[in-house]
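*Asks:*
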Amino acid sequence: MLLVGLPVLGLLGILEAGRTLAAPPSIAGEWTLEFGSVSNCAALGRLRQPALTISQSGASALITLNDGHASTLEATINGPTLTAKSLTHKSLTAAIAGKAGERVLDGRLTLEGCAPASFRAARRAPSTKPGS
Amino acid sequence: MPSLFQLVLQIAVILVAARAVGFLFQKIHQPQVMGEMVAGILLGPSLLGWVAPGISAALFPPASLTYLNALSQVGLVVFMFVVGLALNPAELRAHGHAAVLTSHVSIAAPFCLGGLAALYLYPRLSEDTVTFTGFALFLGSAMSITAFPVLARILSERGLLHSRMGTLAIACAAVDDITGWCILAYIVVLVRVTHAVRPAWITVAGSLVYVAVMLVVVRRCLPVLERAYRRHGKLSDNLVAVIVALVLVSALATEWLGIHVLFGAFLMGAIMPKSPEFTRYLLHKFESVTVVLLLPLFFAFTGLRTRIGVGGDSTIWFYSAIVIVVAVAGKLGGSMLAARLAGAPWRDAASLGILMNTRGLMELVILNIGLDIGVISPAMFSIMVLMALVTTFMTTPLLEWVYPSRLLRAESGETRQNVA
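Here the protein sequences line up with chains A and B, keeping their order.
Numbering (the working numbering) for the first sequence: 769 to 900.
Numbering (the working numbering) for the second sequence: 137 to 556.
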C-alpha cells in the first residue's frame, strides 16, 4: 500500500504544483504577414503568403520563409517575445499576443539589403490538434 | 499524389533496412526488433536526411508519408490485437502477491517520477495549448510502459521464458500493459475532450457502454470461434475474416468515441479465448505479415518524425539525459525494490527490474499517439524515442551482467537434477 500510495500521493502533489507553471505560447502553423509600410526592397517583394511557416518545440522554433528558397531562421520564445535569426543575417523579432486561437505576431523582419520592416502576422491555419 | 512506384520503393527500402539492421543487432545479442527500430531512425532525418538530404527528400517526400502512415497504422491495429491476444490474465493470478505488488509499483514509481520531470520539462518543451496535467500524465504513462512483446522475445532468446523470474516478468508486464493502456485512454480522452466538437459525456458514457458490451456480450460469443477451431483443427477463411471484422469494428468504435483506434484493437485481442492452442494458432495467422511487413513501416514512419541530434542544440541532450535517468530510476528501481520487498533475492529482483525497464516498440506506439494528439512537442517526441531505444538496448547487456548465461545454465542443470 505504502509503495503504491506514496507515488500516487506524490503525483497528486505534482499535478497541483504544476498548475501554476506556464508553457511557451503556441505559434506553430502558417502565418500571413501584413507590412506596415510599402517597401521597394527586392527580398521583401519575393515573400509569398503565407510568408512564414513555424514549427515549434516548446521554447524553440524554426521559421521557414516563403521566399522561394525556403530560408530558415532559428527562433527562441522567451515569455511573450519571439526572437529569430539566420546565419545570413535575416532576423525577426515579434511580440506574441492574443489567445491560442486568435494569436497574432507584431514585430519587425529584417532581410538582406532591406531596412527592418514592421509587420503584423495572423495565423492562417491555427495548429489544431489532429485528434480534435 | 505519390506514385505507386514510389510507395513500393519506400516499402522495399524500409524492409531491406529493417532486416539488415535487425540481423546486425542479433549479432550483438540484441533482439531483432531493436535493430528494426534503429533502422527506422536511420532512415529519418537523424541520419539519412542529415548525410544525404537529397536522397532522403527524393525517397520520402512529405506528400508521400500519408500513404506510408496509413499502411503503418493498419499494421499497428493488427499488432495491438496480437498484443492483446498474447496477454493472459491467468498468469497474474498464478504469481499472486509478488506480481501484483511489483506490477503496481512498476507503474506508480515511474509515473510519479515522470510527473516530477514534467515540472522541469513543461515550461521548456511544451506549449500553452497543452495543460500541465495532460503533459505530466502522458509523460508518466509513457515512462511506466513495458514492452510486453519485446520482453517475451528477450526472455525466450535467453531461455528464461518458463523460469520463475521469466513468468513473473511476463505477468507483471501484462498487468503493466493493461493498466498503462487504460491510463493512456483516459489521458487521450482528457486531451481530446478539450478540443473535440463532441460533448465529453458522450465519450465517457459511450466508453463505459463500449467496455460493458465488449466484456459482457462480445466476450461471451467468442468461444464459438474457439469451438470451431477445435472441431476442424483450423479456422475457415470466413471465420478469420469475421475476427478481422470484429477487430476493425472495435477499433472504429473506440476511434469514434474519441479514445483511439488502437485501444479497440487491443481490447478485442485481450478478450479473445485464451486456450494456448487457439491463441498460438491466431498469433501464427496474424503475426507474420504484421511483424515482417507492417511494423517496419511503422518504425520507419516513427523514424521520419524523429530528429535525434539534428540542429546541434546541446540542451536537447541534457533533457534527454534527464528523461533517461528518470525513466530508468522509476521503472528499473521501482520494480527491483518492489520485487525485493516481495521476497525475491537481489539477483532476481534486479533482473526483474531490468526486464520491466524494456520499453521497445510499445513506447513508440504511445509516443506516436502523444505526438498525433499534440500532447507532446516534436522535440519531446524525439527525446522520448531516444529514451525508448536506450532502455530497450540496455536490457540484454544488463541482464547478462546481473544474471549471466553460465549461471542460468548451472541453475537449469540443478533444477533438472532435483527433478530427477
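No residue lacks a Cβ here, since even glycine has one placed at the ideal position from N, Cα and C.
The structure presented is a predicted model; accordingly, all values stated were derived computationally and were not measured.
Within 8 Å of any Cβ in chain B, is that where the Cβ of A:Lys897 sits?
*Replies:* Annotation note: pLDDT 44 at A:Lys897 (below 50); position unreliable, no value reported.
*Asks:* Counting only beta-carbon atoms, is A:Ser900 nearer than 8 Å to chain B?
*Replies:* Since pLDDT at A:Ser900 reaches only 32, below the 50 mark, its modelled position is unreliable, and the value read off the structure follows with that caveat. By this cut-off, A:Ser900 is an interface position.
*Asks:* Please state whether DSSP places A:Leu771 in a helix, a strand or coil.
*Replies:* Here A:Leu771 sits in helix by DSSP.
*Asks:* If you draw a straight line from the alpha carbon of B:Gly251 to that of B:Arg260, how long is it in whole angstroms?
*Replies:* Using only the alpha carbons, I get a separation of about 14 Å.
*Asks:* Could you check what DSSP says for A:Ile864 in three-state terms: helix, strand or coil?
*Replies:* Strand, per DSSP.
*Asks:* Could you check where the beta strand (DSSP E) with A:Val872 kicks off and where it finishes?
*Replies:* Start and end: 872-878.
*Asks:* Should B:Gly295 be labelled buried (16 or more other beta-carbon atoms within 10 Å of its own) or exposed?
*Replies:* So B:Gly295 counts as exposed.
*Asks:* Mark B:Glu172 as exposed unless 16 or more other C-beta atoms lie within 10 angstroms of its C-beta, in which case mark it buried.
*Replies:* B:Glu172 should be labelled buried.
*Asks:* Closer than 9 Å by beta-carbon distance: list the chain B residues that pair up with A:Pro848, in chain order.
*Replies:* Within chain B, no residue comes near A:Pro848; the closest Cβ sits about 11 Å away, beyond 9 Å.
*Asks:* From the beta carbon of B:His240, is the nearest beta carbon of chain A less than 8 Å away?
*Replies:* At least one chain A Cβ lies under 8 Å of B:His240.
*Asks:* Note down, in chain order, every chain B residue with its Cβ under 7 Å from the Cβ of A:Pro775.
*Replies:* Correct list: Ala244, Ala245, Phe247, Cys248.
*Asks:* Which residues, in chain order, does the stretch 779-797 of chain A contribute to contact with chain B at a C-beta distance below 7 Å?
*Replies:* Listed in sequence order: Leu779, Ile782, Leu783, Ala785, Gly786, Arg787, Leu789, Ala790, Ala791, Pro792, Pro793, Ser794.
*Asks:* Starting from B:Pro259, find everything on chain A with Cβ-Cβ shorter than 9 Å and list it in chain order.
*Replies:* In chain order: Leu789, Ala790, Ala791, Pro792, Gly826, Ala827.
*Asks:* For A:Ser895, count neighbouring C-beta atoms within 10 Å of its own C-beta (all shown protein chains included) and say buried if the count is 16 or more, exposed if not.
*Replies:* With a pLDDT of 47 at A:Ser895, under the threshold of 50, the modelled position of this residue cannot be trusted, and the question is left open.
*Asks:* In the DSSP assignment, find the alpha helix (DSSP H) that holds A:Ile822 and state where it starts and stops.
*Replies:* Looking at the DSSP string, A:Ile822 is not in any alpha helix (DSSP H); the run it does join, the beta strand (DSSP E), is 820-825.
*Asks:* Relative to the C-alpha of B:Leu273, which candidate in B:Thr265, B:Ser262, B:Ala254, B:Arg289 has its C-alpha closest?
*Replies:* Of B:Thr265, B:Ser262, B:Ala254, B:Arg289, the residue nearest in Cα terms is B:Ala254.
*Asks:* Exposed or buried, which one is B:Ala148 when buried takes at least 16 other CB atoms within 10 Å?
*Replies:* Under this definition B:Ala148 is an exposed residue.
*Asks:* Is it a yes or a no for the stretch 482-497 of chain B touching the stretch 523-532 of chain B, going by three-plus beta-carbon pairs under 8 Å?
*Replies:* Touching, yes.
*Asks:* Using the C-alpha atoms, what's the distance from B:Val378 back to B:Asp313?
*Replies:* Their backbone Cα atoms lie some 26 Å apart in a straight line.
*Asks:* What does DSSP give as the partner residues of A:Leu833 in its beta bridges?
*Replies:* Partner(s): A:Leu820.
*Asks:* I want to verify the contact list: residues of chain B whose CB lies under 7 Å from the CB of A:Val772, in sequence order.
*Replies:* Within chain B, the residues near A:Val772 are His240, Val241, Ala244.
*Asks:* Applying the criterion that 16 or more other CB atoms from any shown protein chain within 10 Å of the CB defines a buried residue, is A:Asn834 buried or exposed?
*Replies:* By the neighbour-count rule (16 or more Cβ atoms within 10 Å), A:Asn834 is buried.
*Asks:* What are the start and end residues of the alpha helix (DSSP H) that includes B:Arg155?
*Replies:* Here the alpha helix (DSSP H) through B:Arg155 covers 140-163.
*Asks:* Please give me, in chain order, every unbroken run of the beta strand (DSSP E) with length at least 3 that falls completely inside the stretch 782-811 of chain A.
*Replies:* For the stretch 782-811 of chain A, whole beta strand (DSSP E) runs of length 3 or above, ordered along the chain, are 797-803.
*Asks:* Excluding sequence positions up to five away, which residues of its chain have a Cβ less than 7 Å from the Cβ of B:Ser513?
*Replies:* Leu261, Ser262, Glu263, listed in sequence order.
*Asks:* Taking the alpha-carbon of B:Leu430 as reference, which of B:Ser343, B:Met170, B:Asn205, B:Ala524 has the nearest alpha-carbon?
*Replies:* That would be B:Asn205, whose Cα lies nearest to the Cα of B:Leu430.
*Asks:* Between which residues of its own chain and B:Ser518 is the CB-CB distance below 6 Å, once the five residues before and five after are set aside?
*Replies:* If we look at B:Ser518 and ignore the five residues flanking it on each side, its Cβ neighbours are Thr442, Arg443, Ile444.
*Asks:* Anything in chain A within Cβ reach of B:Ala130, meaning under 8 Å, just list it in chain order.
*Replies:* Because chain B is modelled from 137 through 556, residue 130 of chain B falls outside the range shown and cannot be assessed.
*Asks:* If you draw a straight line from the alpha carbon of B:Ala477 to that of A:Ile831, how long is it in whole angstroms?
*Replies:* Per the sequence presented here, residue 477 of chain B reads as Leu, with Ala not at that position. The straight-line gap from Cα to Cα measures roughly 53 Å.
*Asks:* Give the residues from the stretch 840-874 of chain A that approach chain B closer than 7 Å (Cβ to any Cβ), ordered along the chain.
*Replies:* Of all residues in the stretch 840-874 of chain A, Ala868 have a Cβ within less than 7 Å of some Cβ in chain B.
*Asks:* Closer than 8 Å between beta carbons: that is the criterion. Which residues of the stretch 365-393 of chain B meet it against chain A?
*Replies:* Of all residues in the stretch 365-393 of chain B, none has a Cβ within less than 8 Å of some Cβ in chain A.
*Asks:* Over what stretch of residues does the beta strand (DSSP E) that includes A:Leu850 continue unbroken?
*Replies:* First-last of the beta strand (DSSP E) with A:Leu850: 849-853.
*Asks:* Under 8 Å, do B:Ala245 and B:Gly466 count as touching if we go by C-beta distance?
*Replies:* Yes, these two residues count as a Cβ contact at 8 Å.
*Asks:* Throw me the rounded Cβ distance for the B:Leu398 and B:Leu207 pair, which I believe falls under 8 Å.
*Replies:* Rounded, the Cβ-Cβ distance is 15 Å, inconsistent with contact.
*Asks:* Less than 6 Å between C-beta atoms, sequence neighbours within five positions excluded: which residues of the same chain meet that for A:Ala865?
*Replies:* Only Val872 meet the Cβ criterion.
*Asks:* Please name the residue or residues paired with A:Glu842 in a DSSP beta bridge.
*Replies:* Note: A:Glu842 sits in a beta bridge opposite A:Leu830, A:Lys853.
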